[in-house]
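Novice: First the structure, then my questions, so here it is.
There are 2 protein chains.
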Amino acid sequence: MKATINDVAKQAGVSIKTVSRVMNNEPSVRQPTREKVMEAVKSLNYKPNLAARNLAGTKAYSIAFIYDNPNAYYVIDMQNGILSACKKQGFELLIHPCNSKSDGILDEITNMVKHSRIAGLVLTPPFSEMPEFVKHILDLEVDVVRIMSGDNAPDNLSPCIMVNDHQASMSITQHLIDLGHKNIGFIAGQSEHMSTVERLRGYKQALKENNIDIDKRLIIDGEYSFESGVQGAKQLMEGELRPTAIFSCNDEIAAGALFASRLMGISIPEQLSITGFENSPFSRQTWPRLTTANQPNPKIAEGAANLLIAKARKQAPDNITTQYTPQLVVRDSTSQAVQ
Amino acid sequence: MKATINDVAKQAGVSIKTVSRVMNNEPSVRQPTREKVMEAVKSLNYKPNLAARNLAGTKAYSIAFIYDNPNAYYVIDMQNGILSACKKQGFELLIHPCNSKSDGILDEITNMVKHSRIAGLVLTPPFSEMPEFVKHILDLEVDVVRIMSGDNAPDNLSPCIMVNDHQASMSITQHLIDLGHKNIGFIAGQSEHMSTVERLRGYKQALKENNIDIDKRLIIDGEYSFESGVQGAKQLMEGELRPTAIFSCNDEIAAGALFASRLMGISIPEQLSITGFENSPFSRQTWPRLTTANQPNPKIAEGAANLLIAKARKQAPDNITTQYTPQLVVRDSTSQAVQ
DNA sequence: TTATAAATTGACAGCGCTGTCATTTTTGAA
DNA sequence: TTCAAAAATGACAGCGCTGTCAATTTATAA
């Protein structure tokens, strides 16, 4: 049968309150006592009952992940990362798929927060990029950690985990420049996404730093989809200024660009280099495999969850804005520019 | 502030026990009383506290979804379906990604089941296809619903939701035959997956029913990946018996086959028809878009969860094996056979 | 109408923990 | 060594609900 705190207390020869203290890492427990208790805990395979904790205590033992993202790979990665942190710390994960554009979204989240005691929310785009939304959530006295694109946190509403798309984008662009490319096309994602803005910024800055003129004809508005990559590549390759490389704002776009190039009889990477972004499974399912930037989503998510858990335990570090820079992954879709 | 059962009882002028009865749909509550209570519930936006329920009662209010599937789209679909049922019924979802091949998998699940009171488990492949695993779970006195491929449940260990890949596969094959195709290639997924077996069976049966010989040279062993589709299509199109159509065991394989065909200068669908399976987002991200079979995963998952919830409430119907047949979706990757 | 069974409702304990506060033990300065 | 202050530990109530069983109301038959 499942062991309770009582069993542990008896076996360790202490009161249940002391066991409780040990389980919650509270101070004011002598080391030998702590060890006695931990021993009993192990031998009985004891795990605190979450329901009882929630009912009796005032602390929260769950964190929520709300998502509205068509990219299943991204969502699963984030979820697995958060889950991994939760499991290690005895927390629970509430997942809540929803529509960020629905009218009732605020009530929906408010209701959820009010009905389940939760320590905090992990917010990814688009939610993390909606300051008003974040403010409302914070009013409910729940912690928030935002994962978003940028060099620095845009405000100090909450701790942020910044994904430095700007820097990563510069690396990719620099990689292309190093290969001798000068006319580099850019197929953008939706411009309302910070990631698009940041990636474009990185592209431009890298060009500037290498004294290459930015030509608007090479920058195509698009969205994060295969189809958009197809269209974008066509437009670029049939335009008056033909690039020798294409920077795609994500892997799906790149896959589309790759596909369109094939259709146009352009061989990759010999005649045209193409890069992706995100290192999603997509980038390995193309041929040739995509040069891209790896974004360690599970790690990022785990970090976000750990931060929330630390805050719940009031042991959050002071310096709470962290940053990840996606790293360049060179595969087979890029090569020396044709002379 | 959040309303408790006490508030509702007071407002409705009954005892908390009566409110409890109403909330649990128990009999022995007079209709007017029930209405009074429901009114108070609504006006106070009352929702029973899960923690308290778990602690006080013997019934379970959560169901678990364990998964080990590289296909993020599939997992998200299933998860969303289960979640939707849970939300409607006031249940909680525990998700548990894990490795079905790990040694400790049984202990891992056992531990999870013992430490959280759960009503039941939703099992998808590969778990649903591991009878020994299912037996062990059932020994823990948790309900199980399996989602798997086949016409009929393989045993009566648990309720099953059967996905009739066999029938769907026949529809696809028949579609190709109706278009005049006689030499139809088949690129299989891993043969240890029931879905592969069933899809191959449907393919063969459709051929037989149309008096078309089954030629082993047209059946390629593969796995559920883009790369496998590339290889398979190459092998088929460069083989001695060249098909005019290719049945791919899933959309990823089809995408690979599509890609390989382009490389070989074969135009789709004019020179070669290609079909997918599953109607995943992949099938819309190819060009031309894939003819495939739509598998309503969220619906299936919601059905599975509802069954588990009904069982938890001891109101499960007698006839508990249900069946879904994926429906043919004709898009642009198939056309009349070349004469 | 009355007695009896059946249906409905309520009182109360207790699920496994945490928070509060009282008690005991230890520490350290005088 | 002694005593006050600090540290460590424990006793106990109660979180919001459900299960048990008793009390009350209603329905039914005589």
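Each protein sequence line maps, in turn, to chains A and B. Taken in order, the first sequence gives residues 0 to 338; the numbers are from numbering that gives the first Met the number 0. Taken in order, the second sequence gives residues 0 to 338; the numbers are from numbering that gives the first Met the number 0. Think of the CB as a built atom: it goes at the ideal place given N, C-alpha and C, for glycine as much as any other residue.
Could you spell out the range, first to last residue, of the beta strand (DSSP E) harbouring A/Y323?
Specialist: By one-based count along the first sequence, residue 323 of chain A stands at place 324. Unbroken beta strand (DSSP E) run through A/Y323: 321 to 323.
Novice: Would A/K58 be called buried (16 or more neighbouring beta carbons within 10 Å of its own) or exposed?
Specialist: Taking the first residue of the first sequence as position 1, residue 58 of chain A is located at position 59. Exposed, since its Cβ has fewer than 16 Cβ neighbours within 10 Å.
Novice: Compare the C-beta of B/N210 with all C-beta atoms of chain A and state if any pair is closer than 8 Å.
Specialist: For the purposes of this step, residue 210 of chain B is taken as the residue at position 211 of the second sequence. By this cut-off, B/N210 is not an interface position.
Novice: Is the number of C-beta pairs between the segment 138 to 152 of chain A and the segment 168 to 176 of chain A that are closer than 8 Å three or more?
Specialist: Contact between the segment 138 to 152 of chain A and the segment 168 to 176 of chain A is absent, because fewer than three Cβ pairs lie under 8 Å.
Novice: Give every residue of the same chain whose Cβ lies closer than 8 Å to the Cβ of A/Y45, excluding the five residues on either side of it in the sequence, and list them in chain order.
Specialist: Residue numbering aside, residue 45 of chain A sits at position 46 when the first sequence is read from its first letter. These residues qualify, in order along the chain: A2, T3, I4, D6, V7, A39.
Novice: In terms of alpha-carbon separation, which member of A/S227, A/K16, A/P47 lies closest to A/T32?
Specialist: Along the first sequence, one-based indexing puts residue 32 of chain A at 33. Among A/S227, A/K16, A/P47, the Cα nearest to that of A/T32 is on A/K16.
Novice: Which word fits A/E208, buried or exposed, when buried means at least 16 other C-beta atoms lie within 10 angstroms of its C-beta?
Specialist: Translated into the one-based positions of the first sequence, residue 208 of chain A becomes position 209. Per the 10 Å Cβ criterion, exposed.
Novice: Can you check whether the CB of B/D76 is closer than 8 Å to the CB of B/A300?
Specialist: If you number the second sequence from 1, residue 300 of chain B lands on position 301. If you number the second sequence from 1, residue 76 of chain B lands on position 77. Yes. Within cutoff.
Novice: State buried or exposed for B/L120, treating a residue as buried only when at least 16 other CB atoms are found within 10 Å of its CB.
Specialist: The count along the second sequence starts at 1 and reaches residue 120 of chain B at position 121. Residue burial annotation: B/L120 is buried, with at least 16 other C-beta atoms found within 10 angstroms of its C-beta.
Novice: Classify A/I218 as buried or exposed, calling it buried when 16 or more other Cβ atoms lie within 10 Å of its own Cβ.
Specialist: Start at 1 with the first residue of the first sequence, and residue 218 of chain A comes out as number 219. Buried: at least 16 other Cβ atoms inside 10 Å.
Novice: Rounding to the nearest angstrom, what Cα-Cα distance links A/P158 and A/R145 in this structure?
Specialist: Numbered from 1 along the first sequence, position 159 holds the residue referred to as residue 158 of chain A. Numbered from 1 along the first sequence, position 146 holds the residue referred to as residue 145 of chain A. When rounded, the distance between both Cα atoms is 7 Å.
Novice: Name the DSSP bridge partner or partners of B/R33?
Specialist: In the second sequence, the residue the question calls residue 33 of chain B occupies position 34. Looking at the DSSP assignment, B/R33 forms no beta bridge with any residue, so it has no partner.
Novice: If the cut is a Cβ gap below 8 Å, which residues of chain B does A/V133 touch?
Specialist: Within the first sequence, numbered from 1, the residue matching residue 133 of chain A stands at position 134. Against chain B, a Cβ distance below 8 Å from A/V133 picks out nothing, because the smallest value is about 23 Å.
Novice: Around the Cβ of A/N53, are there at least 16 other Cβ atoms within 10 angstroms (buried) or fewer (exposed)?
Specialist: The residue given as residue 53 of chain A occupies position 54 in the first sequence. Residue burial is scored here from C-beta neighbours: A/N53 has at least 16 other C-beta atoms within 10 angstroms and is therefore classed as buried.
Novice: So who's on the other strand from A/H95, going by DSSP bridges?
Specialist: The residue you call residue 95 of chain A lines up with position 96 of the first sequence. Note: A/H95 sits in a beta bridge opposite A/I65.
Novice: Between the segment 274 to 295 of chain B and chain A, which residues of the former have CB atoms less than 7 Å from a CB of the latter, in chain order?
Specialist: Q284, W286
Novice: Jot down the residue ranges of each uninterrupted beta strand (DSSP E) in the segment 175 to 242 of chain B, minimum 3 residues, whole runs only, in chain order.
Specialist: Look at the segment 175 to 242 of chain B and you find these whole runs of beta strand (DSSP E), each 3 residues long or longer: 183 to 186.
Novice: So if I threshold CB-CB distances at 8 Å, which residues from the segment 236 to 269 of chain B count as touching chain A?
Specialist: E251, A254, G255, F258, R261, L262
Novice: Using a Cβ cut-off of 8 Å (strictly closer), state whether B/I104 contacts chain A.
Specialist: The residue given as residue 104 of chain B occupies position 105 in the second sequence. No, B/I104 lies away from the interface with chain A (no Cβ there is under 8 Å from its Cβ).
Novice: Does any residue of chain A bring its CB to less than 8 Å from the CB of B/I146?
Specialist: Stepping through the second sequence from its first residue, residue 146 of chain B is reached at position 147. It does not: the Cβ of B/I146 has no partner Cβ on chain A nearer than 8 Å.
Novice: Run down chain B in chain order and give the residues with a C-beta less than 8 Å from the C-beta of A/F185.
Specialist: In the first sequence, counting from the first residue as 1, residue 185 of chain A sits at position 186. The contacting residues do not exist; A/F185 stays about 21 Å from chain B at best.
Novice: When the Cα of B/Q284 is compared with those of A/Q270, A/I252, A/R288, A/Q189, which residue comes out closest?
Specialist: Along the second sequence, one-based indexing puts residue 284 of chain B at 285. The residue among A/Q270, A/I252, A/R288, A/Q189 with its C-alpha nearest the C-alpha of B/Q284 is A/I252.
Novice: With hydrogens ignored, establish whether the beta-carbon of A/L235 is closer than 7 Å to any heavy atom of the ligand FAD.
Specialist: The ligand content of the structure shown is nil, which means the ligand FAD is not present either.
Novice: Would you mind sorting A/S14 into buried or exposed? The rule is 16 or more other CB atoms within 10 Å of its CB.
Specialist: Start at 1 with the first residue of the first sequence, and residue 14 of chain A comes out as number 15. A/S14 comes out exposed.
Novice: So, does the CB of A/L43 fall closer than 8 Å to a CB anywhere in chain B?
Specialist: Position 44 of the first sequence, counted from the first residue, corresponds to residue 43 of chain A. So no, A/L43 is outside the interface.
Novice: In the DSSP assignment, find the alpha helix (DSSP H) that holds A/C85 and state where it starts and stops.
Specialist: Along the first sequence, one-based indexing puts residue 85 of chain A at 86. Taken as a continuous stretch (DSSP letters only), the alpha helix (DSSP H) holding A/C85 covers 71 to 88.
Novice: Give me the Cα-Cα distance between A/T274 and A/G103, rounded to the nearest whole angstrom.
Specialist: Walking along the first sequence from the start, residue 274 of chain A turns up at place 275. Walking along the first sequence from the start, residue 103 of chain A turns up at place 104. So the alpha carbons of these two residues sit roughly 39 Å apart.
Novice: Thinking C-beta only, is A/E277 closer than 8 Å to A/A292?
Specialist: Locating residue 292 of chain A in the first sequence gives position 293, where the first residue counts as 1. Locating residue 277 of chain A in the first sequence gives position 278, where the first residue counts as 1. Taking 8 Å as the Cβ cut-off, A/A292 and A/E277 qualify as a contacting pair.
Novice: Alpha carbon to alpha carbon, how far is B/K310 from B/C85? Give it in angstroms, no decimals.
Specialist: Residue 85 of chain B sits at position 86 when you count from the first residue of the second sequence. Residue 310 of chain B sits at position 311 when you count from the first residue of the second sequence. Taking the straight line from one Cα to the other gives about 13 Å.
Novice: Using C-beta distances below 7 Å, list every residue in its chain close to A/F258, excluding the 5 sequence neighbours before and after it, in chain order.
Specialist: Taking the first residue of the first sequence as 1, we reach residue 258 of chain A at position 259. Excluding residues within five positions, the ones whose Cβ falls inside 7 Å are V229.
Novice: Start and end of the alpha helix (DSSP H) containing B/T17?
Specialist: For the purposes of this step, residue 17 of chain B is taken as the residue at position 18 of the second sequence. Here the alpha helix (DSSP H) through B/T17 covers 15 to 22.
Novice: Could you check where the alpha helix (DSSP H) with B/Q10 kicks off and where it finishes?
Specialist: Residue mapping note: residue 10 of chain B aligns to position 11 of the second sequence, counting from 1. B/Q10 -> alpha helix (DSSP H) spans 4 to 11.
Novice: Between A/K46 and chain B, is any beta-carbon pair separated by less than 8 Å?
Specialist: Indexing the first sequence from 1 puts residue 46 of chain A at position 47. Yes, A/K46 lies at the interface with chain B (some Cβ there is under 8 Å from its Cβ).
Novice: Using the Cβ count rule (16 or more neighbours within 10 Å means buried), how would you classify A/N24?
Specialist: Working through the first sequence from its first residue, we reach residue 24 of chain A at position 25. Exposed, by the Cβ-count rule.
Novice: Helix or strand or just coil, what does DSSP make of B/F276?
Specialist: To locate residue 276 of chain B, count along the second sequence from 1; it is residue 277. If DSSP states are grouped into helix, strand and coil, B/F276 belongs with coil.
Novice: Could you name the residues of chain A that B/Y72 contacts, counting a contact when the two beta carbons are closer than 8 Å?
Specialist: Reading the second sequence from its first residue, position 73 is the one you call residue 72 of chain B. The contacting residues are A71.
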